[in-house]
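Each position in the sequence shown, counted from 1, maps to that position plus 385 in my numbering. Positions of the beta carbon are idealized from the N, C-alpha and C atoms, including for glycine. What follows is one structure encoded as C-alpha cells, with my remarks underneath.
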Amino acid sequence: MPENVAPRTGPPAGAAGAAGGRGKSAYQDRDKPAQIRFSNISAAKAVADAIRTSLGPKGMDKMIQDGKGDVTITNDGATILKQMQVLHPAARMLVELSKAQDIEAGDGTTSVVIIAGSLLDSCTKLLQKGIHPTIISESFQKALEKGVEILTDMSRPVELSDRETLLNSAATSLNSKVVSQYSSLLSPMSVDAVMKVIDPATATSVDLRDIKIVKKLGGTIDDCELVEGLVLTQKVANSGITRVEKAKIGLIQFCLSAPKTDMDNQIVVSDYVQMDRVLREERAYILNLGGISNILEELVVQPLLVSVSALTLATETVRSILKIDDV
C-alpha cells in the first residue's frame, strides 16, 4: 500500500530563488536615493565652505585667477562664486541662490550661501536619524514663516528722506570691503546715485542697471565722482569743441560711407576730373543718408565703424562727432 505524500504548497525552488534575487535587488535600490541625497548635500556644503572665511568685517579676501591670467581680489560672495567653475547641479543651485540675492538685495550674497550650507548640514543629521525628507522640508517652511515674522517685528522702516540713515546703511555695507577706508567718500556718492534714478514718492526699489560704473586706469579712489548724465569713454573726433550747452544728439545706426559691392572690383582713375567725380558721388550719397545735410545742430553719435572720408565729411557737416569705434 503506497505511503501518503503531502502535496507541495510552496513555489518551486527556481521560483523561490528568483523572488529572493528580486527582493535583494529592490532592497539595495532603496539606498540609492539616500546616497544621491547625501552627495547633493556634500556638493552644496563644499560651495558654502569655500566662501565661509570671507564673511564678516574680519573676513579674508580671495585671490582668483581665471584661465586668461586675469586676477581678481574680492570677498564678495557673488563675485567669488561667479568665478568658480561649478559643475555639480546641487552646487550650481547655491551659485544661482547667490545671484538671486545679489539682484534682490544687492548684499548678503555670502551670508545666504553659508546659511543654506548650515541648513543642509542640519539636514544630514536629521536624515541619519531616519526622519523623512518631506517632514524636514515642511518643518523648514514653518520655521521660515516664523523667522520672517520675527525679523519683520524687529525691522524699522526707513524713509528715503532720512539721509543720515541711508548713509549709515551704505557705510555698513562698505565696512567689509577693500574700500572700507573710503566709505566717507563712497557712501554719499552711492546714496546720491540711487536717489537720482528713483522716484521717492512711488518707487520702493531701484533698478541698478540705471547706474553705470565707468572705470579708468590711473588715479586713486579720491578721484571718483558722480556724473548726472551719460559718460562715454571713447575719443572725440573733433577736439575743437569741449562743451556744448543743450546739445541735440542724433543716434545713427548705419554706416556713414558709400556701400560696397559683394564682388571684388576696382576703379581705375586716370585724371583729376574722374577723381573729382568719384568724390562728388560719394559726397552726394552720404549727404542723402537720412537727411544728414539738414543736421546742422550739435552732436552725432556713430556706433559703427566709419571710413576716414565719411568721418571728415560728417565733421564738416555737424559741429562735433563722438565716434564710438576707432577708424
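Taking C-beta separations shorter than 6 Å and ignoring five residues to either side along the sequence, the partners of Ile458 in its chain run Asp446, Met448, following chain order. With a minimum length of 3 residues, the unbroken runs of beta strand (DSSP E) contained wholly in the stretch 582 to 660 fall at 634 to 636. The beta carbon of Ala476 sits closer than 8 Å to the beta carbons of Ala428, Ala429, Ala431, Val432 from its chain, once the five residues preceding and following it are set aside; these are given in chain order. For Val497, the enclosing alpha helix (DSSP H) starts and ends at 494 to 513. Scanning its chain for C-beta atoms nearer than 7 Å, with the 5 sequence neighbours on each side dropped, one finds around Ser483 the residues Gly462, Ala463, Leu466, Thr494, Val497, Val498, in chain order. DSSP places Ile520 within a helical segment (H, G or I) once states are collapsed to three.
Beyond the five residues adjoining it in sequence on each side, Val591 comes within less than 8 Å, by CB distance, of Val579, Val582, Ile583 in the same chain, given in chain order.
For Lys597, the closest C-alpha among the options Gly441, Gln651, Leu615, Ile626 is that of Leu615. At a Cβ-Cβ threshold of 8 Å, Leu559 and Val576 do not count as neighbours. Between the beta-carbon of Ala556 and that of Ser546 there is about 18 Å, and that puts the pair past the 8 Å contact cut. Burial of Leu479 is indicated by the presence of at least 16 other C-beta atoms within 10 angstroms of its C-beta. In the DSSP assignment, Thr457 falls outside any alpha helix (DSSP H) and within the unbroken beta strand (DSSP E) covering 456 to 459. At least 8 Å separates the beta-carbon of Ser439 from that of Asn425. The beta carbon of Glu613 sits closer than 7 Å to those of Lys581, all from its chain and outside the five residues before and after it, given in chain order. Judged by DSSP secondary structure, Met478 falls outside any beta strand (DSSP E) and instead within the alpha helix (DSSP H) spanning 474 to 489. Taking Arg628 as the centre and dropping the five residues before and after it, the same chain places no C-beta closer than 7 Å to its C-beta. Take the alpha-carbon of Gly532 and the one of Asn553: they are about 25 Å apart.
Burial state of Gln486 is buried, judged by a 10 Å Cβ sphere holding 16 or more other Cβ atoms. With fewer than 16 other Cβ atoms inside 10 Å of its own Cβ, Ile421 counts as exposed.
Per DSSP, Gln450 is one residue of the beta strand (DSSP E) stretching across 447 to 450. By the beta-carbon neighbour count (other beta carbons within 10 angstroms, threshold 16), Ile436 is buried. The residue among Ile606, Leu504, Gln468 with its C-alpha nearest the C-alpha of Val563 is Ile606. When secondary structure is reduced to three states using DSSP, Glu544 falls in the coil class, being assigned neither helix nor strand.
Your pair Phe525 and Leu504 checks out as a contact, with CB atoms roughly 7 Å apart and the cut at 8 Å. Here Gly452 is exposed. Its C-beta has fewer than 16 other C-beta atoms within 10 Å. Taking the Cα of Pro418 as reference, the smallest distance to any Cα among Val621, Pro518, Ala588 is reached at Pro518.
Residue nearest to Ser522 within the set Val653, Ile535, Cys508 is Cys508 (criterion: CA-CA distance). In the assembly as shown, Gly515 is an exposed residue. Its beta-carbon has fewer than 16 other beta-carbons within 10 Å. The Cβ-Cβ distance between Met660 and Cys609 does not fall below 8 Å.
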